[in-house]
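Note that the protein sequences, when read in sequence, are chains A and B. Going by the numbering used here, the residue at position 280 of the first sequence is 280; the numbering climbs one at a time, nothing skipped. In short: position in the second sequence from 1, add 336, done, that's the numbering used here. From the three backbone atoms N, C-alpha and C, an ideal C-beta is built for every residue, glycine too. Worksheet: one structure, shown below.
Protein chains: 2
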Amino acid sequence: MNNSDSKIRIALDTMGGDNAPQVEVKGAVLALRENLHDLFIYFVGKEEEIKAELKKENYSGDNYEIVNADEVITMHDSPAKAVKTKKNSSLVVASKLVKEGKAHALVSAGNTGAVTMASILNIGRLKGVSRPTIASPIPTEKGTLSRITDSGAFVDSKAEHLLEFAKLTDVFMRYVQKVDNPTVGLLNVGEENSKGYQLTYETFELLEKSDLNFKGNIEGKDVFKGTVDIVVCDGFVGNIVLKFAESVLPFLKKKFKDYANTGLLPMLQIGIAKSAVKKALHDTDPNYYGGTPLLGINGITIIGHGSSSAIGIKNMIYEAAKSQEADLIQKIKNSQ
Amino acid sequence: MNNSDSKIRIALDTMGGDNAPQVEVKGAVLALRENLHDLFIYFVGKEEEIKAELKKENYSGDNYEIVNADEVITMHDSPAKAVKTKKNSSLVVASKLVKEGKAHALVSAGNTGAVTMASILNIGRLKGVSRPTIASPIPTEKGTLSRITDSGAFVDSKAEHLLEFAKLTDVFMRYVQKVDNPTVGLLNVGEENSKGYQLTYETFELLEKSDLNFKGNIEGKDVFKGTVDIVVCDGFVGNIVLKFAESVLPFLKKKFKDYANTGLLPMLQIGIAKSAVKKALHDTDPNYYGGTPLLGINGITIIGHGSSSAIGIKNMIYEAAKSQEADLIQKIKNSQ
């Protein structure tokens with residue numbers, strides 16, 4: 001292993017997703033072939049399976065290495081327990097490559113809780129960060145991607161944590177997403193300052209006193225509108241909103257299908273509508289925007305859906321590469 | 337006034353909505369003309385304006401009465417303050433008609449917080465109910481309407497309140513919506529019992545010990561799926577999810593419009609798609625399902641969107657009528 005060159009080194013949890021290692025290898029090879037970033041990929045996982053997939057892809061560059069790891073953390077594993085006991089899992093081994101400085105970024109489409117735990121326990125939090133945050137992208141009417149922070153790293157955060165989440169996400173938006181002076185809103189049940197309960201009152205005050213571009217309270221209806229770039233909430237609310245948002249497309253598909261089944265004309269209409277709807281909503285596909293950063297860790301961590309496609313994996317790798325090119329970790333350190 | 341007959345008596349806050357009193361009068365007249373329920377409507381509000389609207393509608397039945405009220409509570413009024421100080425507002429006067437037994441139901445498309453306060457302060461809670469709940473309908477993939485309870489009556493509820501919300505909504509679903517043995521789910525960040533935080537742990541235990549048809553935790557993605565009939569959560573989360581859900585259609589419209597503007601073929605495609613989408617999603621229009629009950633009050637209260645159409649108002653009146661025909665208040669008393 002050699003990390004003295006300028007390559008962006010990605011530790012890919014190659015066994016993480018629902019269709020691992022096939023889509024992981026396919027996605028990584030797409031990224032290596034497109035060559036938009038100067039990448040080096042550690043394929044971490046079951047060596048024989050990874051070799052077989054690489055052979056299928058017929059890829060023979062010298063910008064990768066297979067790191068064997070025999071265990072797999074599944075979606076059903078308890079995060080903390082799995083990370084502590086499955087020492088030879090692809091996720092744990094990949095996270096340790098980041099800790100050891102061999103890789104800049106951990107990329108995984110595995111168990112979100114376990115990726116979070118592995119990042120906290122093995123890579124470690126940045127100094128000054130008491131809680132990292134999952135800053136999930138969410139498409140908006142404006143065509144921008146807002147971020148919901150925290151969307152589920154923790155479920156019992158306090159006002160000072162929410163302030164940290166906002167600050168970490170602000171740095172990410174500025175330097176990685178290149179959003180100029182990103183706006184921040186506190187997710188609440190009404191726009192007036194007086195709305196909410198103890199946590200929101202306290203968070204509102206902290207955000208207002210901060211240097212952030214705070215726009216006050218926003219409501220559930222403002223998330224898709226893109227009223228602000230950064231939607232601040234605790235991880236319980238954020239996780240529910242995020243998963244609800246992700247259910248919108250399947251809901252539409254089912255409704256269209258049911259309507260198409262009511263007759264020949266509806267079937268024709270929906271047939272024509274389908275491709276239009278797909279194009280109109282192409283930027284709402286999680287595979288399109290490529291993963292979610294876990295911010296506040298002493299290394300780049302990008303988490304993806306278990307159901308990520310190869311394109312999704314490729315875009316997760318790109319998100320990690322962009323974060324490294326933007327020197328995200330140093331930028332966060334400077335902001336503390 | 338005469339309440340000795342069998343008519344269902346509705347106190348309509350005729351000045352409540354964004355387009356009051358026009359849509360309120362139009363909607364009520366639609367209900368009176370359709371005559372599906374044996375209704376008597378109190379039009380509560382500015383007498384002259386209501387008279388003018390009734391004249392426009394050319395309605396001359398004997399099953400209504402105008403009750404003058406000169407003040408109006410707006411969407412910007414502070415709920416508690418407005419209900420206490422605007423004694424001659426249409427909302428306060430209408431709620432008092434229910435308190436006095438002259439009307440069975442209060443129907444309002446006004447300020448939700450104010451309708452909740454007026455119901456609690458003027459009509460009163462049922463014995464055994466510490467907190468009423470707003471049980472908002474939400475469309476599902478299955479074509480059913482689930483209920484999110486509480487969707488915003490309170491924002492700092494405890495486990496015992498959430499249990500009450502579930503019980504009140506269970507009675508409503510059984511007797512008004514005629515759902516057989518409605519299923520109940522606790523909105524959480526994962527399906528496992530161990531997920532969540534103090535409030536969800538405690539609520540889970542209470543729901544599990546109850547006689548309700550409790551199916552365990554559900555996630556944000558399960559709401560649109562219709563995994564359960566009754567989604568239990570505190571009003572902070574419920575309000576955010578509800579408002580987010582209501583933003584889905586406007587989001588789609590904007591995305592379609594933007595895509596249509598990219599060229600002639602997209603414009604044609606979207607033109608055809610539009611009517612199909614409208615039909616496929618017709619049951620997701622809040623005007624279609626007619627308002628939200630506030631449960632736990634000693635009288636029927638139906639709250640609607642400020643932007644309700646005349647059809648929306650009509651359906652709110654129908655929801656109130658169905659609740660009275662099902663003898664909802666007595667059924668809730670029996671369940672205590």
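Review point. Nearest chain A C-beta to M337 of chain B closer than 8 Å, yes or no?
Key: Here residue 337 of chain B refers to the residue found at position 1 of the second sequence. Its pLDDT being 45, under 50, M337 of chain B is placed unreliably by the model, and the measurement read from it follows with that caveat. Answer no: the Cβ-Cβ gap between M337 of chain B and chain A never drops below 8 Å.
Review point. Just the Cα atoms here: how many angstroms apart are N529 of chain B and A495 of chain B?
Key: Position 193 of the second sequence, counted from the first residue, corresponds to residue 529 of chain B. Position 159 of the second sequence, counted from the first residue, corresponds to residue 495 of chain B. Spanning the two alpha carbons is a distance of roughly 15 Å.
Point to revise | When A:S307, A:E48, A:H161, A:D180 are compared against S130 of chain A, the one with the closest alpha-carbon | key: Taking the first residue of the first sequence as 1, we reach residue 130 of chain A at position 130. The shortest C-alpha separation from S130 of chain A is found at A:H161.
Exercise for review: Could you check if E100 of chain A is buried or exposed, using at least 16 other CB atoms within 10 Å of its CB as the buried criterion?
Suggested key: Within the first sequence, residue 100 of chain A is the residue found at index 100, counting from 1. Classification of E100 of chain A: exposed, given that the 10 Å Cβ count is below 16.
Practice item. My understanding is that I409 of chain B touches A450 of chain B, with C-beta atoms under 8 Å, so please give their C-beta distance in whole angstroms. Key: Here residue 409 of chain B refers to the residue found at position 73 when the second sequence is read from its first residue. Here residue 450 of chain B refers to the residue found at position 114 when the second sequence is read from its first residue. Sure, about 5 Å apart at Cβ, within 8 Å.
Check your understanding: So, are the CB atoms of G339 of chain A and V584 of chain B less than 8 Å apart?
Key -> Only positions 1 to 336 of chain A appear in this structure, which leaves residue 339 of chain A out of reach.
Exercise for review: Measure the C-alpha to C-alpha separation of F501 of chain B and K225 of chain A and round it to an integer number of angstroms.
Suggested key: Taking the second sequence and counting its residues from 1, the one referred to as residue 501 of chain B is at position 165. Taking the first sequence and counting its residues from 1, the one referred to as residue 225 of chain A is at position 225. Distance between the alpha carbons of F501 of chain B and K225 of chain A is about 30 Å.
Practice item. Could you check what DSSP says for I668 of chain B in three-state terms: helix, strand or coil? Key: One-based indexing of the second sequence puts residue 668 of chain B at position 332. Looking at I668 of chain B - three-state DSSP - the assignment turns out to be helix.
Exercise for review: List the residues of chain B whose Cβ lies closer than 8 Å to the Cβ of D156 of chain A, in chain order.
Suggested key: For the purposes of this step, residue 156 of chain A is taken as residue 156 along the first sequence, with counting starting at 1. Correct list: Y533, Q534.
Exercise for review: For H104 of chain A, I'd like the list of residues in its chain whose CB is within less than 8 Å of its CB, leaving aside the five on either flank, ordered along the chain.
Suggested key: Position 104 of the first sequence holds residue 104 of chain A. The residues are I8, R9, I10, V98, G299, I300, A320, Q324.
**Study point:** Reference I402 of chain B, options B:K422, B:G381, B:E389, closest by Cα
**Key:** Walking along the second sequence from the start, residue 402 of chain B turns up at place 66. Ranking the options by Cα distance to I402 of chain B, first place goes to B:G381.
Practice item. Please name the residues in the segment 210-226 of chain A whose beta-carbon is closer than 7 Å to at least one beta-carbon of chain B, in chain order. Key: E219, G220, K221, V223, F224, K225
Practice item. List the DSSP bridge partners of G263 of chain A. Key: Position 263 of the first sequence holds residue 263 of chain A. Under DSSP, G263 of chain A shares a beta bridge with no residue.
Exercise for review: Quick one: grab the DSSP three-state call for A326 of chain A.
Suggested key: Here residue 326 of chain A refers to the residue found at position 326 when the first sequence is read from its first residue. Reduced to three states, the DSSP call for A326 of chain A is coil.
Review point. If we ignore side chains and look at the alpha-carbon of each, how far apart do K667 of chain B and V568 of chain B end up?
Key: Your numbering for residue 667 of chain B matches position 331 in the second sequence. Your numbering for residue 568 of chain B matches position 232 in the second sequence. One C-alpha to the other measures close to 20 Å.
Exercise for review: Output yes if chain A places a C-beta closer than 8 Å to the C-beta of T452 of chain B; else output no.
Suggested key: Reading the second sequence from its first residue, position 116 is the one you call residue 452 of chain B. So no, T452 of chain B is outside the interface.
Review point. Can you tell me the Cα-Cα spacing of L36 of chain A and E527 of chain B, whole angstroms?
Key: Sequence index remark: in the first sequence, residue 36 of chain A carries index 36 (1-based). Sequence index remark: in the second sequence, residue 527 of chain B carries index 191 (1-based). Straight through space, the alpha carbons of E527 of chain B and L36 of chain A are spaced by roughly 40 Å.
Review point. Nearest-angstrom Cα distance between Q672 of chain B and Y395 of chain B?
Key: Numbered from 1 along the second sequence, position 336 holds the residue referred to as residue 672 of chain B. Numbered from 1 along the second sequence, position 59 holds the residue referred to as residue 395 of chain B. Their backbone Cα atoms lie some 42 Å apart in a straight line.
Review point. At a cut of 8 Å, does the segment 13-30 of chain A reach the segment 299-317 of chain A through at least three beta carbon pairs?
Key: yes
Point to revise | Coarse secondary structure for D38 of chain A, derived from DSSP in three states | key: As a first step, residue 38 of chain A is located in the first sequence; it is residue number 38 there, counting from the start. Coil, per DSSP.
Check your understanding: Is E401 of chain B near the ligand HEM, with its Cβ less than 7 Å from a heavy atom?
Key -> Of ligands this structure carries none, so the ligand HEM is not represented either.
Point to revise | In DSSP terms, what P293 of chain A is bridged to | key: Against the first sequence, residue 293 of chain A aligns to sequence position 293. For P293 of chain A, which the question treats as bridged, DSSP gives the partners A:I302.
**Study point:** I665 of chain B to D506 of chain B span [Cα, whole Å]
**Key:** By one-based count along the second sequence, residue 665 of chain B stands at place 329. By one-based count along the second sequence, residue 506 of chain B stands at place 170. About 13 Å.
Review point. Going by alpha carbons, who is nearest to K142 of chain A out of B:L617, B:K589, B:G599?
Key: Counting from one through the first sequence, the residue named residue 142 of chain A turns up at place 142. Of B:L617, B:K589, B:G599, the residue nearest in Cα terms is B:K589.
**Study point:** Listed by chain order, chain B residues near L162 of chain A by CB distance under 8 Å
**Key:** Looking up residue 162 of chain A in the first sequence gives position 162. Per Cβ cutoff of 8 Å: no residues; L162 of chain A is ~14 Å from chain B at best.
**Study point:** 3 or more residues per run - each beta strand (DSSP E) lying fully within the segment 534-565 of chain B
**Key:** 549-554
Point to revise | Whole-angstrom C-beta distance between I566 of chain B and S482 of chain B, which should lie under 8 Å | key: Here residue 482 of chain B corresponds to residue number 146 of the second sequence, with the count starting at 1. Here residue 566 of chain B corresponds to residue number 230 of the second sequence, with the count starting at 1. Between I566 of chain B and S482 of chain B the Cβ distance is about 7 Å, and since that is below 8 Å, they are a contact.
Review point. Does V577 of chain B come within less than 8 Å of chain A when only Cβ atoms are used?
Key: Working through the second sequence from its first residue, we reach residue 577 of chain B at position 241. Judged by the 8 Å Cβ criterion, V577 of chain B is in contact with chain A.
Exercise for review: Check the Cβ of F251 of chain A against every Cβ in chain B and list those closer than 7 Å, keeping chain order.
Suggested key: Within the first sequence, the letter at position 251 stands for residue 251 of chain A. Within 7 Å Cβ-Cβ: E477, F560.
Point to revise | A52 of chain A, buried or exposed, once every other Cβ within 10 Å from all chains shown has been counted against 16 | key: One-based indexing of the first sequence puts residue 52 of chain A at position 52. With fewer than 16 other Cβ atoms within 10 Å, it is exposed.
Practice item. Please say whether I638 of chain B and V361 of chain B have beta carbons closer to each other than 8 Å? Key: The residue labelled residue 361 of chain B in the question sits at position 25 within the second sequence. The residue labelled residue 638 of chain B in the question sits at position 302 within the second sequence. Their beta carbons are not under 8 Å apart, which means V361 of chain B does not touch I638 of chain B by this criterion.
Review point. For chain A, is any of its Cβ atoms less than 8 Å away from the one on P622 of chain B?
Key: Working through the second sequence from its first residue, we reach residue 622 of chain B at position 286. It does not; no Cβ of chain A falls within 8 Å.
Check your understanding: Counting contacts by CB-CB distance shorter than 8 Å, is P473 of chain B in contact with chain A?
Key -> Residue numbering aside, residue 473 of chain B sits at position 137 when the second sequence is read from its first letter. No, no contact with chain A.
**Study point:** Neighbourhood of T227 of chain A by C-beta distance below 7 Å, restricted to the same chain and skipping five residues each side
**Key:** Start at 1 with the first residue of the first sequence, and residue 227 of chain A comes out as number 227. The answer, listed in chain order, is G185, I218.
Exercise for review: Enumerate in chain order the residues of its own chain whose CB-to-CB distance from N68 of chain A is below 6 Å, with the five nearest sequence positions on each side excluded.
Suggested key: Translated into the one-based positions of the first sequence, residue 68 of chain A becomes position 68. If we look at N68 of chain A and ignore the five residues flanking it on each side, its Cβ neighbours are E47.
Check your understanding: With a Cβ-Cβ cutoff of 8 Å, do F379 of chain B and T421 of chain B count as a contact?
Key -> As a working note, residue 379 of chain B is residue 43 in the second sequence. As a working note, residue 421 of chain B is residue 85 in the second sequence. No, these two residues do not count as a Cβ contact at 8 Å.
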